[in-house]
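Laid out in structure tokens, this is it:
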């Protein structure tokens, strides 16, 4: 057996060890924060080496399936969109996915989160969304602060949709928005569109407060098709290309 | 310094090392398959230990940002939806996300992929989608085979949308469909709906072949709202709950 074969064998043992942990979580119907057996348990259960098991635990921790601490047993991990964000950013950085493609997915998803939010939002959520629309207008001369509010605005709507997967996906767009949105606003075309953009955000917030799903979807659609569409067309460099 | 602090410090060093690799990829505009410097380069560049760097490379490989082999330098990794799928399955297995929530996201996304596919599909893609609709009908008495065609049908439409992120997200649903779809078909209600389901798939394929985006979106919507809606309502156990 040469080095290559031994390496491949180790890789498949690590995958097998990872699967054993995920099956353990599923079969025992474990929930976030529940304790998992330590390395030793799986080592004797599976007959793999401690090195293989350590690598499997490392990979599971990177994927946030488990939460490993120091000197304590691992716990079942909570998902928060950051794994999807890491994958997404890598794909954009390496030109596997373009920013206009991401923005089409955002548009598709956020038409739905706005619609759902208008039906499912609590009173506190409606107020929070309106406050963020106001904050975007208030700080519209400070790109960095405005972008922060803008990201929070879209995440608050996703949260108010009360669908945990929509929230995760929308949250995963945030690191990309942090780079792309301020870049976009530096174009002259974008500056001219600022008042329209502020109005659209306000329209979305009002429709959600009024529990009007159709108006909320339409306002979000208008936001993406005018303001954001113009921004994308104004973009140059790695984040442009529409 | 106690053990806990030393552990946390190591964790933050690993994160720093991971960021250094992602910055290297971004700054040098590397693409899938391009070679990265080995552990030794980053060890001396960052002044971290070999153990820290090995852990960082392991985490990056788990997230598919890099592709590590044996005795060769790492390469820039290709994304394929399996990282999102792993995160999604974990979230469903641990009740952080429900199957009806996933199905709402699928419905939202696949209305759009069907619409885009009707505009962007090649001739070969249109034929492939039609063949898969026929295969679903042909093997409709074999749940396992029919599910395989069903998954391939939805992936083929996402591919024909020519948006790489939609394709990744749709692909990430496949492991869940492999479990949920055959379970759903075992209900009596589902069996009664089989001819309607087959017709809907056929309608989607025809609309895409006819380059009719509106009809394609409507047919996919009808597919989700009737067939799949009924399936979800008929489901019990961990994959139900609508």
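Chains as they are written, first to last, in the working numbering: chain A, 193 to 434; chain B, 193 to 434.
Ideal Cβ positions, reconstructed from N, Cα and C, are used throughout, including at glycine.
Distance between residue 207 (chain B) and residue 311 (chain B), taken at the CA atoms: about 43 Å. In the DSSP assignment, residue 296 (chain B) falls within the alpha helix (DSSP H) that extends over 291 to 312. Interface criterion met: the Cβ of residue 283 (chain B) is under 8 Å from a Cβ in chain A. Within the stretch 282 to 301 of chain B, the residues whose Cβ lies closer than 7 Å to some Cβ of chain A are 282, 283, 285, 286, 287, 288, 289, 293, 294, 296, 297, 300, 301, listed in chain order.
Residue 313 (chain B) counts as buried, since no fewer than 16 other beta carbons sit within 10 angstroms of its beta carbon. One thing to note: residue 229 (chain A) has its Cβ no nearer than 8 Å to the Cβ of residue 202 (chain A).
Contact check for residue 409 (chain B) against residue 318 (chain B) fails: the beta carbons are separated by 8 Å or more. Among the residues facing chain A, residue 250 (chain B) is included, as its CB has a counterpart in that chain under 8 Å away.
Contacts with chain B (Cβ-Cβ distance below 9 Å) from the stretch 214 to 227 of chain A involve 214, 217, 218, 221, 222, 223, 224, 226, listed in chain order. Boundaries of the alpha helix (DSSP H) harbouring residue 367 (chain A): 366 to 377, taken from the DSSP string. The CB of residue 256 (chain A) comes closer than 9 Å to the CB of 279, 282 in chain B, given here in chain order.
Within the same chain, 366, 369 come within 6 Å of residue 343 (chain A) by CB-CB distance, once the 5 residues on both sides are set aside. At least 8 Å separates the CB of residue 234 (chain B) from every CB of chain A. Scanning chain B for C-beta atoms nearer than 7 Å to the C-beta of residue 356 (chain A) yields 288, 289, 293, reported in chain order.
For residue 259 (chain B), the secondary structure class from DSSP, reduced to helix, strand or coil, is strand. For the stretch 386 to 417 of chain A, the beta-carbon criterion of a distance under 9 Å to any beta-carbon of chain B is satisfied by none of its residues. DSSP places residue 284 (chain B) in the helix class (H, G or I) of the three-state scheme. Bounds of the alpha helix (DSSP H) holding residue 345 (chain B) are 335 to 352. Shown here, residue 268 (chain B) sits in a strand according to DSSP, grouped into three states. At a cut-off of 8 Å between C-beta atoms, residue 242 (chain A) does not count as an interface residue with respect to chain B.
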